[in-house]
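Read through the structure below, which is laid out as structure tokens, and then see the notes.
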């Protein structure tokens, strides 16, 4: 995400309140997957997770000169402009391939201490790499990626701990290699609504 | 965002690009991973930042208004030779990439960046820097290790020795060092090796006088498995160990006639055949030999092979005895005093004028080594800050304190007791002063039933 001016690994000055998480579909999305992701997320964080009934109704900001890639920053800005209840975090999920002008792709995007996160399935699917489809693996990776981006929303930076979910991943191999949960140091800095032991 | 640099080390990175989006995105990306980032929008700003800060890595756009990235790269490299520069291009052209790499860039990367590729690139650059730094450190360490103790002295005699060392070091000539025992022949050999192009290769020291004939042969030339009883493994000899470096044959005058023949063959042919082996092994070595004996006289008396003598007698450095350069005694004494007082944590010790006078008056048959031992002893037994005449060995001052003991055993007992008393019954220090190992000293203490006084902690 763009520079936020926060010191490394510092929590937000005012901890972000996370009272609920709302998944919102962007563009064509596999039937039933958003509900599956919400159910999986509900088992991982205290904040209740729901799927918004209506997908995000915006014109997709395609990146010029790229093969069907969406400008992740522009899309995140539009997502952040959506009206939400106080304490709710919007998580846009899409099958579209995300990128930013300077990088060939991104798995997801979020702003430190922001109100929204964005995650793409495109490069989390085994099919992207010529492998057989595996819906469960795709769902697991997507949930992990959503939690990673929610960590950034919660004010956390990347973590050096190789087994921490907040570890940086530039490839799907690293997405699989890093752990499925955050390390204890990151856990302690997460907003209560995202902390395993925190109040919902 | 999920992308950032995998390298764990905290790097200081400068991003130079005229596009704000590139500066902001890369800056955020690197900061996300704990690196410190500065950005510059043009060459002028980049050079300004470089003048004020130290950076590990600079990412420089190849196309910028004004000074382009390649020219900026050259300026940056000149201003900060340690800087690792990575060139960024919007479209990779072979020529620009080759020019950048030829001009010393570490690598180049094409926009838009593949996050994985950029991450690996930064990680590799960090590793590269760390290896370079380690290499420099190791080289410095080697310089320290390979730099021998300095040859101390200002007398014309020792200055001539230094001049000869300086002259011969850079050549690959065989050197014969002559001089009495304790004059510092090994020190001169080390100085020759350290001043030669072979200095990063081994200097192998062989004390030919200390080894029996059979053992010396095996030591010098190595042996094959089963070459003799007890040769259970193949073993390389000292000549092979000195490959690329220097072999120092100390006390070469003590080599037996049989080994002299083998030695001559190795020196002439520059090949070694291990004992029990048939294959000559080519070896690249330089020979520095030393002796305290009159080799020429030994040749005349038939004790030393003439061919070997002439093979060794290419460039001779004769080290004068200490008594022939008395003016160097104060310098040497001060040098040893500084070294031992620091090593024994007895700082700021100095020699009294009387002690210095006694040192200068003595004949020093054991030469510099004897002086070194005398100063070491004085540092141990002396009471800081002054070393007095009484702290010097009796043979130096010629004034034994009081009536001496009658028998040799009594003499030994008294001396050990005195040294232990002066070292506060510190066994290691006492053993060092007496020139014996700790076990021997313990045995002597038991033998003479010496008891540590109650008032010694």
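Residue numbers (the numbering used here), protein chains in the order written: chain Y, 42 to 241; chain S, 31 to 487. Glycine included, each C-beta is placed from N, C-alpha and C at the ideal position. Model, not experiment: these values are computed from the prediction.
Buried or exposed for residue i, please, with buried defined as at least 16 other CB atoms from any protein chain shown within 10 angstroms of its CB.
i: residue 322 of chain S; result: buried
i: residue 215 of chain S; result: buried
i: residue 421 of chain S; result: buried
i: residue 482 of chain S; result: exposed
i: residue 340 of chain S; result: exposed
i: residue 200 of chain S; result: exposed
i: residue 197 of chain S; result: exposed
i: residue 365 of chain S; result: buried
i: residue 236 of chain Y; result: buried
i: residue 269 of chain S; result: buried
i: residue 428 of chain S; result: exposed
i: residue 300 of chain S; result: exposed
i: residue 297 of chain S; result: buried
i: residue 377 of chain S; result: exposed
i: residue 406 of chain S; result: buried
i: residue 51 of chain S; result: exposed
Tell me the DSSP bridge mates of residue i?
i: residue 106 of chain S; result: Note: residue 106 of chain S sits in no beta bridge, so no partner.
i: residue 103 of chain Y; result: Y:111
i: residue 133 of chain Y; result: Y:65 and Y:159
i: residue 143 of chain S; result: Y:144
i: residue 265 of chain S; result: S:253
i: residue 393 of chain S; result: Per DSSP, none; premise fails for residue 393 of chain S.
i: residue 276 of chain S; result: S:233 and S:316
i: residue 208 of chain S; result: S:321 and S:348
So, helix, strand or coil for residue i, using DSSP?
i: residue 151 of chain Y; result: strand
i: residue 41 of chain S; result: coil
i: residue 431 of chain S; result: Because the pLDDT at residue 431 of chain S is just 45, under 50, the model does not fix this residue reliably, and the point stays unresolved.
i: residue 206 of chain Y; result: coil
i: residue 162 of chain S; result: helix
i: residue 192 of chain S; result: helix
i: residue 196 of chain Y; result: coil
i: residue 457 of chain S; result: helix
i: residue 245 of chain S; result: helix
i: residue 66 of chain S; result: strand
i: residue 118 of chain S; result: strand
i: residue 413 of chain S; result: strand
i: residue 325 of chain S; result: helix
i: residue 237 of chain S; result: strand
i: residue 289 of chain S; result: helix
i: residue 138 of chain S; result: strand
i: residue 399 of chain S; result: helix
i: residue 380 of chain S; result: strand
i: residue 311 of chain S; result: strand
Using 8 Å as the limit for Cβ to Cβ distance, is residue i near chain Y?
i: residue 131 of chain S; result: no
i: residue 300 of chain S; result: no
i: residue 41 of chain S; result: no
i: residue 62 of chain S; result: yes
i: residue 144 of chain S; result: yes
i: residue 52 of chain S; result: yes
i: residue 45 of chain S; result: no
i: residue 141 of chain S; result: yes
i: residue 55 of chain S; result: yes
i: residue 149 of chain S; result: yes
With a threshold of 8 Å between beta-carbons, can residue i be considered close to chain S, or not?
i: residue 70 of chain Y; result: no
i: residue 142 of chain Y; result: yes
i: residue 169 of chain Y; result: no
i: residue 237 of chain Y; result: no
i: residue 179 of chain Y; result: no
i: residue 198 of chain Y; result: yes
i: residue 212 of chain Y; result: yes
i: residue 74 of chain Y; result: no
i: residue 145 of chain Y; result: yes
Return the residue from the list the options that minimises the CA-CA distance to residue i.
i: residue 62 of chain S; options: Y:76, Y:221, Y:207 and Y:165; result: Y:207
i: residue 115 of chain S; options: S:172, S:261, S:54 and S:46; result: S:46
i: residue 254 of chain Y; options: Y:65, Y:217, Y:219 and Y:69; result: No information on residue 254 of chain Y is available, as it lies outside the stretch 42 to 241 that chain Y covers here.
i: residue 399 of chain S; options: S:475, S:217 and S:471; result: S:217
i: residue 112 of chain S; options: S:159, S:440, S:284 and S:204; result: S:159
i: residue 59 of chain Y; options: Y:88, Y:83 and Y:65; result: Y:88
i: residue 107 of chain Y; options: Y:219, Y:143, Y:148 and Y:81; result: Y:143
i: residue 205 of chain S; options: S:70, S:220 and S:468; result: S:220
i: residue 229 of chain Y; options: Y:216, Y:100, Y:158 and Y:205; result: Y:205
i: residue 229 of chain S; options: S:104, S:140 and S:172; result: S:172
i: residue 215 of chain Y; options: S:467, S:139 and S:146; result: S:146
i: residue 426 of chain S; options: S:387, S:457, S:244 and S:456; result: S:387
i: residue 99 of chain Y; options: Y:125, Y:118, Y:167 and Y:179; result: Y:118
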